[in-house]
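Visitor: Input: one structure, supplied below.
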Amino acid sequence: MPATKKHPAALPFLFLAEMWERFGFYLILGIFTLYLKDPVNGWGMDNSVAADIFGTYIAFVYLTPFIGGLLADRIMGYRKSIIIGGILMGLGYIGLAVHNLTVFYVSLGLICIGNGFFKPNISTLLGNVYNDDAYKANKDLGYNIFYMGINIGAFICNFFAAALRNNIGWGAAFIAAGVGMFIGVIVFIIGGKHYKHADVLKPAKPEDMPMTAIMMQVFVPALVVGIGAWFIPGNIFGSDSTDAFIFACLPIIYFFASLLRKASQEDKRPVAALLAVFAVSIMFWAVFKQNGTALTTWAQYYTDREIPAALEKPAQGLSLVQDIIYKQDSVVAYDKEFRLVRDEAGKPVKEWGTDPYFKNVAPEKLPAEGATVKLINTELFQSINPGFVILLTPVVILFFTALRKRGKEPSTPKKIAWGLLISALSTFMMVAAVYVCSNGAIKASPWWLVGSYGVITIGELFLSPMGLSLVSKLSPARLTSLMMGGWFLATSIGNKLSGVLATLWDKYDNKANYFLVNFILLGIAAAIIFMMLKWLNNIFKESVK
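Everything in the sequence shown is counted per numbering that gives the first Met the number 0, starting at 0 for the first residue and increasing by one.
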């Protein structure tokens, strides 16, 4: 595709490579906790254990970009890093199909390392191709288009996951994620000539910390401290994995603080502004990433998933239907809070009853004995958010374009501040859902989840692509990929916190209070960034020409 006046020829290739990479990544996220909690074909884990593993996994997925960005900046270059990362992720996705815990954790490790090489560097490469004078004015728009590609992959993947696990099993869905990743790598290689000029190494300046020093002063201490924290008697932050993660982050956080302290006078203010935005964004990810844990649990057990009659045939034709029969049988036992009932050995027990789905179906809505009920797969609810992104991205772009023509477009920092506030409002949808369904005594309408995802999607579109754009605009040139790693470090900490919050799900008797905690966290973050807005805008005006 030839370059246009507005966008470089590299955009469609980066768009498609990222779309297929996100296809695999979000396919895994959609079924991750469902697979871990499945007592028949999965691992039969409790909600809290599955949430802890999920939170740790997505935390490390976004922690590794720190070193991946650094290696790409100074040694490997962006294209090589992206290709290596994509291959490792594809192998990791396919490895999850092996029903063995050791292979499972090794595969998660490959995905985490691969993402570290892929994720920050494709975002940085996109920013670099927009640094040409012909495209610089459309960088925000380019990131919005790129972000839509992410969400096309995230939207379609859950339909593949549902059809494959309904017809074949969990393993087929995991393999599909790997195939998608390899398609993304091939697309990226094909488009290589369009971003070769943007793949430029940025050697360290005299004031920068050498790679050997970073390894000895940051990563080795992080590894040692993290391993040591794992074996601390008892748990300081709730679990061994959480203790290890939080302590392992401390040397990396110290590194960024040192980066600020040693920065030149010219670089100090933009680096400080970025670190401030990173810190505040943690709360957004802590709430947003509960879509794979608490909100998946809500969709699975507390949401009416029965398919309307008008959609039954097309859904069956696409294999997006789970058939369950309403009859007395030997079933895995769950209590009224949908927690697995276990024997003294810790194994799930069985009882004589109906499928757990029917535990909170309103009596007047229960089917006749022996009737088959057709349910939409739980993971399909994970397509609501990316679906809204696809629909609303053009609307948001047009909205900001109209404001720009009038000279009233908010600055990138102000967009991020409004994104946090709007996201905070989304949690009230779930508070209302809890009250309407009598705290889960009866199933809630699926429209509550649709509404909640819709509101937080607007907040996401104000915040997430703007965060990537802000890093690209404010970062000193030689530190761009490293600061992109800092953005993903903040995302990583938020992701881990999302898992920590989700482990508390079963401890809230009134689920409305669970969602109110989310509102408070986002409300505090929004208040902080609005208070910093004048300072951030001044730095933005100074640094962005």
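Note that beta-carbon positions come from the ideal geometry of N, C-alpha and C, so glycine has one too.
What would DSSP say about residue 472, mapped onto helix, strand or coil?
Guide: Here the question's residue 472 lines up with position 473 in the sequence shown. Collapsing the DSSP output to three states places residue 472 in a helix.
Visitor: Could you check whether the region 496-503 touches the region 284-295, counting it as contact only if at least three pairs of C-beta atoms, one from each stretch, sit closer than 8 Å?
Guide: yes
Visitor: Nearest to residue 429 by alpha carbon, out of 322, 296, 399?
Guide: As a position in the sequence shown, residue 429 is number 430, starting the count at 1. Among 322, 296, 399, the Cα nearest to that of residue 429 belongs to 296.
Visitor: Identify, in the order they occur along the chain, each residue of the same chain with its Cβ nearer than 6 Å to the Cβ of residue 471, setting aside the five sequence neighbours on each side.
Guide: In the sequence shown, residue 471 corresponds to position 472, counting from 1. Around residue 471: 126.
Visitor: Measure the C-alpha to C-alpha separation of residue 0 and residue 409 and round it to an integer number of angstroms.
Guide: One-based indexing of the sequence shown puts residue 0 at position 1. One-based indexing of the sequence shown puts residue 409 at position 410. Because residue 0 sits at a pLDDT of 41, beneath the cut-off of 50, its placement in the model cannot be relied upon, and the point is left open.
Visitor: Let me check understanding here. Comparing Cα to Cα, which of 508, 210, 514, 543 lies closest to residue 481?
Guide: Residue numbering aside, residue 481 sits at position 482 when the sequence shown is read from its first letter. Nearest option by C-alpha distance: 210.
Visitor: Return the bridge partner residues of residue 300 from the DSSP annotation.
Guide: Position 301 of the sequence shown, counted from the first residue, corresponds to residue 300. Paired residue(s): none; residue 300 is not in a bridge.
Visitor: Would you grab the beta carbon distance between residue 110 and residue 91 for me? Rounded to a whole angstrom, and I think it's under 8 Å.
Guide: Here residue 110 is taken as the residue at index 111 of the sequence shown, counted from 1. Here residue 91 is taken as the residue at index 92 of the sequence shown, counted from 1. That pair is a contact at about 4 Å.
Visitor: Please list, in chain order, all residues of the same chain as residue 386 whose beta carbon is under 6 Å from its beta carbon, the five residues on each side excluded.
Guide: Locating residue 386 in the sequence shown gives position 387, counting from the first residue. Answer for residue 386: 154, listed in chain order.
Visitor: When the Cα atoms are used, what is the spatial distance from residue 231 to residue 239?
Guide: Numbered from its first residue, the sequence shown carries residue 231 at position 232. Numbered from its first residue, the sequence shown carries residue 239 at position 240. Their Cα atoms are separated by approximately 8 Å.
Visitor: Just list the residues that DSSP pairs residue 251 with in beta bridges.
Guide: Here residue 251 is taken as the residue at index 252 of the sequence shown, counted from 1. Answer by DSSP bridge pairing: none, since residue 251 is not bridged.
Visitor: Please state whether the Cβ-Cβ distance between residue 300 and residue 384 is less than 8 Å.
Guide: For the purposes of this step, residue 300 is taken as residue 301 along the sequence shown, with counting starting at 1. For the purposes of this step, residue 384 is taken as residue 385 along the sequence shown, with counting starting at 1. No, the pair does not count as a contact, with Cβ atoms beyond the cut-off.
Visitor: Identify, in the order they occur along the chain, each residue of the same chain with its Cβ nearer than 7 Å to the Cβ of residue 532, setting aside the five sequence neighbours on each side.
Guide: As a working note, residue 532 is residue 533 in the sequence shown. 412, 413, 416.
Visitor: Assuming residue 502 and residue 58 make a contact with CB atoms under 8 Å, what is their CB distance in whole Å?
Guide: Here residue 502 refers to the residue found at position 503 when the sequence shown is read from its first residue. Here residue 58 refers to the residue found at position 59 when the sequence shown is read from its first residue. The Cβ separation is near 13 Å, so there is no contact.
Visitor: Does DSSP put residue 344 in a helix, a strand or coil?
Guide: Within the sequence shown, residue 344 is the residue found at index 345, counting from 1. Three-state DSSP puts residue 344 in coil, outside helix and strand.
Visitor: If you draw a straight line from the C-alpha of residue 536 to the C-alpha of residue 124, how long is it?
Guide: Locating residue 536 in the sequence shown gives position 537, counting from the first residue. Locating residue 124 in the sequence shown gives position 125, counting from the first residue. Between residue 536 and residue 124, the C-alpha separation is close to 25 Å.
Visitor: Closest to residue 548 by C-alpha separation, out of 63, 461, 28, would be which residue?
Guide: Residue 548 lies beyond the stretch modelled for the chain, which goes from 0 to 544, so this question has no answer here.
Visitor: Should residue 388 be labelled buried (16 or more other beta-carbon atoms within 10 Å of its own) or exposed?
Guide: Against the sequence shown, residue 388 aligns to sequence position 389. Its Cβ being crowded by 16 or more others within 10 Å, residue 388 is buried.
Visitor: How is residue 318 classed by DSSP in three states: helix, strand or coil?
Guide: Residue numbering aside, residue 318 sits at position 319 when the sequence shown is read from its first letter. If DSSP states are grouped into helix, strand and coil, residue 318 belongs with coil.
Visitor: Go through the region 493-524 residue by residue and report every complete run of the alpha helix (DSSP H) that reaches 4 residues or more, in order.
Guide: Taking 4 residues as the minimum length, the region 493-524 contains no alpha helix (DSSP H) run wholly inside it.
Visitor: Just the C-alpha distance for residue 333 and residue 339, rounded to the nearest angstrom, thanks.
Guide: Position 334 of the sequence shown, counting from 1, holds the residue named residue 333. Position 340 of the sequence shown, counting from 1, holds the residue named residue 339. Using only the alpha carbons, I get a separation of about 5 Å.
Visitor: By how many angstroms is the C-alpha of residue 160 removed from the C-alpha of residue 362?
Guide: Looking up residue 362 in the sequence shown gives position 363. Looking up residue 160 in the sequence shown gives position 161. Computed Cα separation, rounded: 32 Å.
Visitor: Determine, using beta carbons only, whether residue 95 and residue 113 come nearer to each other than 8 Å.
Guide: Residue numbering aside, residue 95 sits at position 96 when the sequence shown is read from its first letter. Residue numbering aside, residue 113 sits at position 114 when the sequence shown is read from its first letter. No, Cβ-Cβ distance for residue 95 and residue 113 is not below 8 Å.
Visitor: Tell me whether the region 16-25 and the region 249-256 touch, counting them as touching only if at least three CB pairs, one residue from each stretch, are closer than 8 Å.
Guide: No, they do not touch.
Visitor: What separation, rounded to the nearest whole angstrom, lies between the Cα atoms of residue 121 and residue 147?
Guide: As a working note, residue 121 is residue 122 in the sequence shown. As a working note, residue 147 is residue 148 in the sequence shown. When the Cα atoms are used, residue 121 and residue 147 turn out to be separated by approximately 15 Å.
Visitor: Flag this pair as yes or no: are the beta carbons of residue 433 and residue 506 separated by less than 8 Å?
Guide: On the sequence shown, position 434 is the one that residue 433 refers to. On the sequence shown, position 507 is the one that residue 506 refers to. Taking the C-beta atoms as reference points, residue 506 is found no nearer than 8 Å to residue 433.
Visitor: Can you tell me which of the three DSSP states residue 324 falls into?
Guide: Indexing the sequence shown from 1 puts residue 324 at position 325. In the structure shown, residue 324 adopts extended strand secondary structure according to DSSP, grouped into three states.
Visitor: According to DSSP, is residue 454 part of a helix, a strand, or is it coil?
Guide: Within the sequence shown, the letter at position 455 stands for residue 454. Note: residue 454 maps to helix in three-state DSSP.
Visitor: Check for me: the alpha helix (DSSP H) holding residue 43 runs from which residue to which?
Guide: Along the sequence shown, one-based indexing puts residue 43 at 44. Here residue 43 belongs to no alpha helix (DSSP H), and DSSP marks it neither H nor E.
Visitor: Tell me whether residue 329 sits in a helix, a strand or coil according to DSSP, three-state version.
Guide: Position 330 of the sequence shown, counted from the first residue, corresponds to residue 329. Residue 329 falls in the strand class under three-state DSSP.
Visitor: According to the Cβ coordinates, are residue 357 and residue 524 closer than 8 Å?
Guide: Start at 1 with the first residue of the sequence shown, and residue 357 comes out as number 358. Start at 1 with the first residue of the sequence shown, and residue 524 comes out as number 525. No, these two residues do not count as a Cβ contact at 8 Å.
Visitor: Which runs of the beta strand (DSSP E) spanning at least 3 residues fall entirely within the region 356-424, listed in chain order?
Guide: 371-375
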